[in-house]
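Asks:
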Amino acid sequence: MWNNDNSTIDITYSNVQNGWPGLGNIDLDPLFVDPDGMDGIPATEDDNLRLLADSPCIDAADNVAVPDDVFDLDSDGITDEPIPLDLDGTLRFVDDPNTNDTGNGTPPIVDMGAYEFQAAILNNPPLQPNISGISLGVTGVGYTYTAVTTDPDDDEICYFVDWGDDTNSGWSDFVESGTEITYKHTWSEKGTYTIKAKAKDEYGLEGDWGELEVSMPRSHISIFPR
Numbered sequence: 001m002w003n004n005d006n007s008t009i010d011i012t013y014s015n016v017q018n019g020w021p022g023l024g025n026i027d028l029d030p031l032f033v034d035p036d037g038m039d040g041i042p043a044t045e046d047d048n049l050r051l052l053a054d055s056p057c058i059d060a061a062d063n064v065a066v067p068d069d070v071f072d073l074d075s076d077g078i079t080d081e082p083i084p085l086d087l088d089g090t091l092r093f094v095d096d097p098n099t100n101d102t103g104n105g106t107p108p109i110v111d112m113g114a115y116e117f118q119a120a121i122l123n124n125p126p127l128q129p130n131i132s133g134i135s136l137g138v139t140g141v142g143y144t145y146t147a148v149t150t151d152p153d154d155d156e157i158c159y160f161v162d163w164g165d166d167t168n169s170g171w172s173d174f175v176e177s178g179t180e181i182t183y184k185h186t187w188s189e190k191g192t193y194t195i196k197a198k199a200k201d202e203y204g205l206e207g208d209w210g211e212l213e214v215s216m217p218r219s220h221i222s223i224f225p226r
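Okay, structure coming up:
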């Protein structure tokens, strides 16, 4: 990079050899599985830069620094969420119960590096949510819907609702398994829409979509005198 003005590099929540000033930075052996690979030569294709179980890089990075999933790597139709997969295509946000969270954000905290340590825990995704609310309405009116499901492991869960009109609720806060969440939504154009809702547990594992079809055939309700 070249510029006539002075500049500084801002590095945070990273493992930097010989150290670097910055919030959350460390200077420790990352404990890669096999940093030199089978050929014994660093920086070649066979290097294994995945993390061992006691690596200081586990749960030590910054959730806020994870870029948006603009290419929809997990094919869930959501492109404004943090990238959910690591370089292996496995979950990017996985909490290791044997490691203290030293990074930034709401757990699960992302690991430093391109590969997420996949903690050896038995985990099941939340069940498909049940969506309740009216199925026939008019445009311009706000309608209330509820979504509820449980997690087989009794993990805390959060919900995400896709309204079928290119808008969504975003992820809710985490709540106890079995907690019902209430939403309100208004459709602006006539048509038939499929509301979809899914849940994610505290370890980042997502369940299947629940669906409810709704129809907004009119823009107003006509009342005729008898």
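Quick note on full-length UniProt numbering: the sequence shown kicks off at 1 and runs consecutively. Every residue gets a Cβ at the ideal spot worked out from N, C-alpha and C, and that includes glycine.
Looking at the structure shown, is Val110 part of a helix, part of a strand, or coil, going by DSSP?
Replies: Residue state, collapsed to three classes: coil.
Asks: Can you say whether Arg92 is buried or exposed, counting buried as having 16 or more other CB atoms within 10 angstroms of its CB?
Replies: That one is buried.
Asks: With a threshold of 7 Å on Cβ separation, who are the neighbours of Pro125 within its own chain once the five nearest residues in sequence on each side are excluded?
Replies: Contacts found: Asp201, Leu205, Glu206, Gly207.
Asks: Closer than 7 Å by C-beta to Val16: which residues in its own chain qualify, once you throw out the five before and the five after it? Chain order, please.
Replies: Only Asn25, Asp27 meet the Cβ criterion.
Asks: Mind checking Thr8: buried by the 16 CB within 10 Å criterion, or exposed?
Replies: Per the 10 Å Cβ criterion, exposed.
Asks: Sort Val138, Leu127, Ala65, Asp59 by Cα distance to Gly103 and report the nearest one.
Replies: The candidate whose alpha carbon is nearest that of Gly103 is Asp59.
Asks: For a test of the three-state rule: what should DSSP assign to Val66, helix, strand or coil?
Replies: Note: Val66 maps to coil in three-state DSSP.
Asks: Would you mind working out which of Ile83, Val64, Thr146, Ser55 sits nearest Asp72, comparing C-alpha positions?
Replies: Closest option to Asp72, Cα to Cα, is Ile83.
Asks: Would you call the CB atoms of Trp187 and Thr139 closer than 8 Å?
Replies: For Trp187 and Thr139, yes; Cβs fall inside 8 Å.
Asks: Can you give me the Cβ contacts of Cys158 inside the same chain, cut-off strictly under 8 Å, excluding the 5 residues immediately before and after it?
Replies: Trp171, Ser172, Asp173, Phe174, Val175, Ala199, Lys200.
Asks: Who are the near neighbours of Asp46 in its chain, counting only those whose CB is closer than 7 Å to its CB and skipping five residues on each side?
Replies: Taken in chain order, the residues that qualify are Gly37, Met38, Asp39.
Asks: Output yes or no for whether 8 Å exceeds the beta carbon distance between Asp86 and Tyr115.
Replies: Taking 8 Å as the Cβ cut-off, Asp86 and Tyr115 qualify as a contacting pair.
Asks: Alpha carbon to alpha carbon, how far is Thr146 from Asn48? Give it in angstroms, no decimals.
Replies: If you take the alpha carbons of Asn48 and Thr146, they lie about 46 Å apart.
Asks: Could you tell me the alpha carbon to alpha carbon distance between Asp96 and Asp111, rounded to whole angstroms?
Replies: Taking the straight line joining both Cα atoms gives about 10 Å.
Asks: If you check the beta carbons only, do Leu212 and Phe117 fall under 8 Å apart?
Replies: Result no, Cβ atoms of Leu212 and Phe117 do not sit closer than 8 Å.
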